[in-house]
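Participant: I have a structure here, written as structure tokens, and I will follow up with some questions on it.
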Amino acid sequence: MQNLIAKVAGAEATGIKKVGIIGAGAMGAGIAAQFADAGIAVELLDIARGDNRIEPAETGISRQLKLGGFTTPDAAARVRPGNIDDHLARLQDADWVIEAVVEKLDVKRALFRKIAPCLKPSAILSSNTSTIPRHDMVAGMESSLARRFAITHFFNPPRLMPLLEVVVDDQAEPELRDRLHQAARILLSKTPIDCHDTPGFIANRIGCFWIAVSVTEACRFGLDIETADAVQTVLGVPKTGVFGLLDLIGIDLVPTIWGGLMQALPTDDALQIYNLPGNPLITELLAKGSFGRKAGGGFYRKTADGQFEVLDTDKLLYRAPRPVQLSRELQELLSEQGPVGNYARSVLRKLISYCETHLSEIASDASAIDTAMQLGYSWREGPFALAAKAVEIIEC
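Structure below.
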């Protein structure tokens, strides 16, 4: 593989000259593109499939080229496609190997066992898991490798989302955390946030709760989808709102993501109350195959003539969106009486309560939660910053 000089100032100080990425899906290939943009040589490995045994990795690179994952097409030359059956030896001189395969613990553990003999003693090994705790990953792992193992959770798409959640425990090598933080900042232009080793870490733990509560409360207060999403934008959520975000994530992933998190959390965790996989709207859309944007529509859809429609929650049929009239000022919205104000206050009150309850469990301080939600979910402000503005109103 051709040696290329890193173009990012300070790259040499990170000690990262070559990276291995296992898994060439949207996340794995996107992460590979980020390193390639920094001038780092990348081995992108996936499963061997068919006659062209590197086709999955080649496809991942091609998709990133089409999506603009590389800042320049030339950067793609730094990524070499391969597979985990024929090309594991390429990892022998990698300084950092990142696993980005399916979210199944047994699959990840089997992969770690397979690649461990190929890693040099100083190599960092990390997982891009979004929910599985580190201690579950390292169970049974050889101790010297476990000391160099971390969670490095990137957000989708990697080229746009600036957050990197990092999980390193006290048993890790003393310099591991600093090495990861330095590489994240210098090579990837990301903001690393340290998370405690708990299911969902910070952003997805809070984000999944917020989504589940928001959908549940919209149904309880009888709000239509476009009104609920308009309320969310006043709270500082991106214009997709909560229902539009579910369309983007993929409604077919709700049972896996929320179901998996609920299974991993204690039975008395408040997320269990707001059972998103069991919500009637979700189950109806799943039954119809209306999984969101990737399936032609979910809570919203675009018609053949380019018109946007929204799901009517009473009739479960699509219709044109209705104009939404509400205050664009947070304080005024939270002070409103009636379903809209009740919805805004209830969602915010429950969100803040959840964050306060689990603060010490998932993060070192409140600012870590605020930053994670701003950078990982693109909120204008984090929940604690919102609480400071709205505490007197929502406590009424």
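Numbered according to the working numbering, the sequence shown terminates at residue 405, and the numbering increases by one at each position without gaps. Each residue gets a CB set at the ideal place from its N, CA and C atoms; glycine is no exception. Note that the coordinates shown come from a computational prediction; the quantities given were computed from them, not determined experimentally.
#1: If we call anything under 7 Å between Cβ atoms a contact, is L185 one with I141?
#2: May I have the straight-line CA-CA distance separating P126 from H162, to the nearest angstrom?
#3: Could you please give me the residues that DSSP links to F158 through a beta bridge?
#4: Is it the case that the segment 202 to 218 contacts the segment 364 to 380, given that we only count it when at least three CB pairs across the two stretches are under 8 Å?
#5: Alpha carbon to alpha carbon, how far is R72 from V28? Give it in angstroms, no decimals.
#6: At the level of alpha carbons, what is the spacing between P166 and E345?
#7: Whether or not the segment 97 to 111 and the segment 72 to 87 are in contact is what I'm after, with contact meaning three or more pairs of Cβ atoms, one per stretch, closer than 8 Å; do they touch?
#8: Assign I14 to buried or exposed, taking buried as 16 or more other Cβ atoms, counted over all protein chains shown, within 10 Å of its Cβ.
#9: Would DSSP call T200 helix, strand or coil?
#10: Report buried or exposed for Q241, applying the criterion of at least 16 other Cβ atoms within 10 angstroms of its Cβ.
#11: Please list the segments of the beta strand (DSSP E) lying wholly inside the segment 168 to 212, counting only runs of 3 or more residues, in order along the chain.
#12: Would you report the Cα separation of G134 and A329, rounded to the nearest angstrom?
#13: Between the alpha carbons of R156 and A181, how many angstroms are there, rounded?
#14: Please state if the CB of I220 and the CB of V251 are separated by a distance shorter than 7 Å.
#15: In the DSSP output, what is L54 paired with across the bridge?
#16: Within the segment 241 to 329, note down every full beta strand (DSSP E) run reaching 3 residues or more, in order along the chain.
#17: Quick one: grab the DSSP three-state call for I378.
#18: Is it the case that the segment 53 to 61 contacts the segment 30 to 39, given that we only count it when at least three CB pairs across the two stretches are under 8 Å?
Facilitator: Short version:
#1: no
#2: 24 Å
#3: L134
#4: yes
#5: 20 Å
#6: 37 Å
#7: no
#8: Reliability fails at I14, whose pLDDT of 48 lies under 50, so the model's placement of it is uncertain and the value that follows must be treated cautiously. Result: exposed.
#9: strand
#10: buried
#11: 172 to 176, 200 to 203
#12: In the sequence under discussion, the amino acid at residue 134 is Leu, which differs from the Gly named in the question. Roughly 50 Å separates the two Cα atoms.
#13: 4 Å
#14: yes
#15: I31, G91
#16: 309 to 311, 317 to 321, 326 to 328
#17: helix
#18: yes
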